[in-house]
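Down below is the structure, laid out as structure tokens.
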Amino acid sequence: MKKVTAALAGLPWEPSPFKIQLDDADQYHTFNEYNYFHGYVRDALALTLNEQETTRRFRYLLPSGEEKPAYEISIGKGKDNPPIQYKLIIRDILLTCYDIGVGFLAFFLENRETGAPEDILRINDFGRRIYPQFLGYAPKPEEQGENKEEEGTTEEVSPLDAPKASFLADTISLTGISKEPIKESFSYYKVAASLNGEPFRLPEHISYLLGPKFAVATRETKQTLPRPSILLSPLIDDRMYVLCYYFAAPELSATLRRFDQEKGNYSYAASDFWYSYLFVDPSLDPSCRSRPMMEKLLKRHTYDRWIEYQDPGERYQIQLYGISRYSFMMLVDRSTFTEKFLINHHRYLYFQAMALALTQRAAILRFAAEAANISEEIKTGKDIARQKRAIREVYRGYLYFTNKVYFREITPQEQGIELYDMAREIMEIDPDLHALQQEIEELHNYALLMEGEKSSQEAALLTRVATVFLPPTLVIGVFGFSNPPKHDFTQNLICAIVASLILIALVFLVIWLLNLRRRRL
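Encoded structure:
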């Protein structure tokens, strides 16, 4: 934690210790957070009232000028078409770090410009990408028809054409934070020489916030980064985890909650929009083209306890939740309850629960990667001492994780229990943790075996030394050298010489016999 604090020094980050504030701006959310979770979980969520070092949260100090800080997404629509632009207001930026070497950066954004379903889908998918998932060229001119070649048209192609045509933004920018926009265009991935040295790097809009002492771990960065520095390794993939709270149009919510008596299903189980929204697809064309499979997935990933909720005026107020490995999505009708109260449950309570589940998944992946690296080093048979140290460090971190970060239950609230269990099940945290436990125990047992072998070798060495020196001791005792007569110096000298010669001969004999035995083995 001290390294993280030192790396952020001089930047507009400040520690954000938790304290209860009676501020009704967000419906007293600090007290609600503290009261919602079990006491033994608060340390992992940075919700303790006393200062603690195992989990630290930092808040980025946003400028308070006339221009509100914004997260802007520009999506290219071809050479002759203007890009689609989205501007989301930045409410907050948090950095949370755990003592087990895992952390996450969170953007809290508000979309105040559009509520169209197509726009929400594009914002969620294009806005979450931090590097290209793949590289690919656009079709060559000759592949687009003979007319184009005859006209002599030449269009520049780029390895970013395919991902930007699918789900990678043309640019992502932070505005209102510095004098100039902080823009990421992903052009770094056009240069092969760069990729061979560093296949992945932090996007500009994240690198600017964290500063120069945070960088992706490569051989080059390990040698050139200033001290102290934080080396980062991506544990998941190119996508940020998305939490979205969407006020749906009445027609859409009515469609999703329609119940088919014959099939026994709500209509959301066959909805293209709900699938695309839940699984963060960029358009109303979902990434699953099998209706039975789509229905199965939507039933598994949807929490519909309150789908037919009615307010005191008997108006339907849909509350639909969706959880995947990389998203926690809510869809609600607009009302005073959902605008003033429920949104803060999503913004604070459910954010904490999903962040903890995501941290558990990331930590398991981290420990699994470290265990795999140690296993590869063991194969080399070199530097056994360093291997044992690495195993001890992994084992120590694993024990801390299972006791301080991994929890089966985090709240006494029924709905919170159900949503948290659902997220952990979908992320397969328990099966992955069980597999990790076996790997860690095997490494720990190997370390104990190496310690046992070392002790056996030391005992064998002592036995050999005793074997070498025992016969001369007996010979010296036979000749009476241990208690020589004081009056016969010549006889004592002869005894000493004979004993020394016998000792030397026996030493050489033992060495020869040991070498002969090794050759036969």
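Each residue of the sequence shown is one higher than the one before, starting from 13 at the first, in this note's numbering. Ideal placement from N, C-alpha and C gives every residue a C-beta, glycine not left out.
Per-residue DSSP class, three states only, for residue i
{"i": "S302", "result": "coil"}
{"i": "R251", "result": "strand"}
{"i": "E195", "result": "According to the sequence provided, residue 195 is Lys. The question's Glu does not apply to it. Strand."}
{"i": "E26", "result": "strand"}
{"i": "R213", "result": "coil"}
{"i": "F340", "result": "strand"}
{"i": "F419", "result": "coil"}
{"i": "L521", "result": "helix"}
{"i": "N62", "result": "coil"}
{"i": "N277", "result": "strand"}
{"i": "G334", "result": "strand"}
{"i": "Q322", "result": "strand"}
{"i": "Y40", "result": "coil"}
{"i": "L222", "result": "helix"}
{"i": "F285", "result": "helix"}
{"i": "F49", "result": "coil"}
{"i": "K31", "result": "coil"}
{"i": "D316", "result": "strand"}
{"i": "D345", "result": "coil"}
{"i": "F259", "result": "strand"}
{"i": "L533", "result": "With a pLDDT of only 49 at L533, under 50, the local geometry of the prediction cannot be trusted, and no value is derived from it."}
{"i": "Q97", "result": "strand"}
{"i": "R401", "result": "helix"}
{"i": "Y328", "result": "strand"}
Residue nearest to residue i in terms of C-alpha spacing, selected from the options
{"i": "A383", "options": "A367, P81, Q372, K400", "result": "K400"}
{"i": "A21", "options": "S241, I101, N356, Y362", "result": "S241"}
{"i": "S190", "options": "G209, L23, G409", "result": "L23"}
{"i": "D173", "options": "Y149, D249, K195, R303", "result": "Y149"}
{"i": "P294", "options": "F138, L221, A56", "result": "F138"}
{"i": "K275", "options": "A261, M252, P304, P262", "result": "P304"}
{"i": "F119", "options": "L59, R54, C256, L57", "result": "C256"}
{"i": "L221", "options": "E196, P211, G209, E210", "result": "E196"}
{"i": "E122", "options": "V417, H446, Y258, P324", "result": "Y258"}
{"i": "F146", "options": "P211, E192, L107", "result": "P211"}
{"i": "M434", "options": "S219, R337, T60, F271", "result": "R337"}
Where the beta strand (DSSP E) through residue i begins and ends
{"i": "G115", "result": "115–122"}
{"i": "Y83", "result": "82–87"}
{"i": "A227", "result": "226–228"}
{"i": "L186", "result": "183–187"}
{"i": "L20", "result": "Counting along the chain, L20 falls outside any beta strand (DSSP E), and DSSP gives it neither H nor E."}
{"i": "I112", "result": "No beta strand (DSSP E) contains I112, which DSSP labels as neither H nor E."}
{"i": "D92", "result": "Run containing D92: none; DSSP gives neither H nor E here."}
{"i": "T350", "result": "Element bounds for T350: n/a, residue is neither H nor E."}
{"i": "F70", "result": "67–72"}
{"i": "I242", "result": "242–244"}
Boundaries (first-last residue) of the alpha helix (DSSP H) holding residue i
{"i": "L129", "result": "Residue identity check: residue 129 is Pro in the sequence provided, not Leu. Unbroken alpha helix (DSSP H) run through P129: 129–140."}
{"i": "D55", "result": "From DSSP, D55 is part of no alpha helix (DSSP H); its letter is neither H nor E."}
{"i": "L431", "result": "426–438"}
{"i": "L264", "result": "262–269"}
{"i": "T392", "result": "363–392"}
{"i": "K176", "result": "173–178"}
Neighbourhood of residue i by C-beta distance below 7 Å, restricted to the same chain and skipping five residues each side
{"i": "H456", "result": "I403, Y407"}
{"i": "E7", "result": "No answer is possible for residue 7: the residues shown for the chain start at 13 and end at 533."}
{"i": "R373", "result": "M439, I441"}
{"i": "E163", "result": "Model confidence at E163 stands at a pLDDT of 48, short of 50, so the residue's coordinates are unreliable and nothing is read from them."}
Residue i beta carbon near the ligand ADP (any heavy atom closer than 6 Å)
{"i": "S347", "result": "Absence of the ligand ADP from the depicted structure is noted, as is the absence of any ligand whatsoever, leaving it without description."}
Chain B within 7 Å of residue i, Cβ atoms only
{"i": "A281", "result": "Absent from the structure is chain B; it holds one protein chain and no more."}
Proximal residues to residue i (C-beta, below 6 Å), its chain only, five neighbours per side dropped
{"i": "R436", "result": "A369"}
{"i": "L448", "result": "I376, F379, A380"}
{"i": "H41", "result": "N356, Y360"}
{"i": "G409", "result": "I112"}
{"i": "L553", "result": "Beyond the ends of the chain as shown, which are 13 and 533, falls residue 553; an answer cannot be given."}
{"i": "P81", "result": "L74, I102, G188, I189"}
Same chain, Cβ closer than 8 Å to residue i, neighbours up to 5 away in sequence not counted
{"i": "P95", "result": "S86, I87, G88, K89, D182"}
{"i": "E78", "result": "none"}
{"i": "T267", "result": "S279, S283"}
{"i": "Y328", "result": "S265, A266, R269, E320, Y321, Q322, D345"}
{"i": "E307", "result": "N277, A281, A282"}
{"i": "W286", "result": "L268, Y280, L310, T314, L332, G334, L343"}
{"i": "L244", "result": "L214, F226, A227, V228, A229"}
Cβ pair count under 8 Å reaching 3, the segment 385–405 against the segment 436–445: no
Three CB pairs or more closer than 8 Å across the segment 104–118 and the segment 57–72: yes
The segment 81–95 contacting the segment 176–188, beta-carbon criterion three pairs below 8 Å: yes
Inter-stretch contact (C-beta, 8 Å, three-pair minimum) for the segment 45–59 and the segment 119–133: no
Segment contact flag, the segment 299–313 with the segment 347–360, C-beta cutoff 8 Å, min 3 pairs: Flag = no, the segment 299–313 and the segment 347–360 do not touch.
Cβ pair count under 8 Å reaching 3, the segment 198–208 against the segment 100–108: no
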